[in-house]
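Participant: Quick note: to get the numbering used here, add 28 to the position in the sequence shown (first position is 1).
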Amino acid sequence: MSDFPTITSLNELVQAALDYGRGGSMPRVAIARSAEGFVLRAGIEAFERGVAEPILVGDMDETKRIADERGLDISPFRQVHVTDDAGAVFEAVRLFREGEAQLIMKGLVPTATLLKAVLNKETGVPHGGRILSHVAVFESPVDGRLMLLTDPGVNIAPSLQRKVDILKNALDVARTLGMKEPKAAILAATEKINYPAMPATLDGDILTKMARQGQFGDAQILGPLSLDLAVSRKVAATKRFDSPVAGNADILLTPNIEAGNVLYKSLSTLCGCIMAAVVVGSRVPVVVPSRGDSDASKFHSIALASVLARRSRP
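(1) Once the 5 residues before and after residue 347 are set aside, which same chain residues still bring their CB inside 7 angstroms of it?
(2) Classify residue 29 as buried or exposed, calling it buried when 16 or more other Cβ atoms lie within 10 Å of its own Cβ.
(3) Taking the alpha-carbon of residue 231 as reference, which of 321, 63 and 216 has the nearest alpha-carbon?
(4) Using 8 angstroms as the Cβ pair cut-off and three pairs as the minimum, do the stretch 233-252 and the stretch 302-317 touch?
(5) Given that a residue counts as buried once 16 or more other Cβ atoms are within 10 Å of its Cβ, and exposed if not, what is residue 47?
(6) Smallest Cα separation from residue 251: which of 181, 227 and 289?
(7) Inspect the CB distances between the stretch 178-190 and the stretch 282-296 and report whether three or more fall short of 8 angstroms.
(8) Measure the alpha-carbon distance for residue 316 versus residue 134 and round it to whole angstroms.
(9) From residue 130 to residue 259, what distance separates their C-alpha atoms?
(10) My understanding is that residue 298 touches residue 313, with C-beta atoms under 8 angstroms, so please give their C-beta distance in whole angstroms.
(11) Along the beta strand (DSSP E) that carries residue 118, what are the first and last residues, could you check?
(12) Rounded to whole angstroms, what's the CA-CA distance from residue 321 to residue 174? Just pull it up for me.
(13) Helix, strand or coil for residue 183, going by three-state DSSP, please let me know.
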């Protein structure tokens, strides 16, 4: 069970990040490559609001040009001049390894390039035996509860074993946010096992049985479960589906990246949800924003990474 104060909203998430940043102890976020207007704006906003201080890593001539075009002042921040992708991600990871940065954020580099550098066994910051996965935190448009979604951005077609690891990562995030006995729904198109036509239904059933055997610790896992049953108490009551997870899921684990990405973008674009998202599973939370993410989502993603980094310290 988590010993951390429970965070129940995105406002509380930001407040926790602000509390950690008081007294001159704002975490520093290394942005690899920094010549990207959306990311620069997010880094500066995070600094102005007291959440994190950016370290700009990349082609500084290009970064300054873009900053000037957008009226952004980057003079207060440390600048590390590197002209290529490989050098930029290496420097960002090095800054973390040497204690000069506490977070890493993707700028104008491919996500795969950055994550490969993070996982490098010799120069990166892998977490022994763990995989990387993408976790998004948002407020439910149904009832306002803080929820987690995984994996909308890293693992394409996860096997059962991968889903075990993705679920463990999400449970770690939930517990770090202070959720007591987090409830996870293993999503599929139906709550009935339909194998081999729908392999996700069998995966959900197996993960549920593993949870009953104690393999995920103090958590409640249920699958396969349709989305409406996972998030709506009204639907659960109408269908007479009796489970602590039904209508109360804290974590939504999707069957593949396509389902996860569609759900993520449905929440952000159709429902207007702010999505705070990071890649977890290494020794450093990695902020991997999309250009399509709102400024609010980028800022809250930095706040989430800050809280995870501070609460994960020994």
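Built from N, CA and C at the ideal position, the CB exists for glycine as well.
Facilitator: The answer reads as follows:
(1) No information on residue 347 is available, as it lies outside the stretch 29 to 342 that the chain covers here.
(2) The count along the sequence shown starts at 1 and reaches residue 29 at position 1. Here the model assigns residue 29 a pLDDT of 46, short of 50, so the residue's position is not dependable and the matter cannot be decided.
(3) Against the sequence shown, residue 231 aligns to sequence position 203. Across the set 321, 63 and 216, the C-alpha of 216 shows the shortest separation from the C-alpha of residue 231.
(4) No: fewer than three Cβ pairs fall under 8 angstroms.
(5) Within the sequence shown, the letter at position 19 stands for residue 47. By the neighbour-count definition (other C-beta atoms within 10 Å, threshold 16), residue 47 is an exposed residue.
(6) Within the sequence shown, numbered from 1, the residue matching residue 251 stands at position 223. Per the Cα distances, 227.
(7) Yes, they touch.
(8) Position 288 of the sequence shown, counted from the start, is the residue given in the question as residue 316. Position 106 of the sequence shown, counted from the start, is the residue given in the question as residue 134. The alpha-carbon atoms of residue 316 and residue 134 are separated by roughly 5 angstroms.
(9) As a position in the sequence shown, residue 130 is number 102, starting the count at 1. As a position in the sequence shown, residue 259 is number 231, starting the count at 1. When rounded, the distance between both Cα atoms is 34 angstroms.
(10) Locating residue 298 in the sequence shown gives position 270, counting from the first residue. Locating residue 313 in the sequence shown gives position 285, counting from the first residue. Here residue 298 is actually not in contact with residue 313; their C-beta atoms are around 27 angstroms apart, not less than 8 angstroms.
(11) Here residue 118 corresponds to residue number 90 of the sequence shown, with the count starting at 1. Run containing residue 118: none in the beta strand (DSSP E); it sits in the alpha helix (DSSP H), 113-125.
(12) What you label residue 321 is simply residue 293 of the sequence shown in a count that begins at 1. What you label residue 174 is simply residue 146 of the sequence shown in a count that begins at 1. Roughly 19 angstroms between the two C-alpha positions.
(13) Looking up residue 183 in the sequence shown gives position 155. Here residue 183 sits in coil by DSSP.
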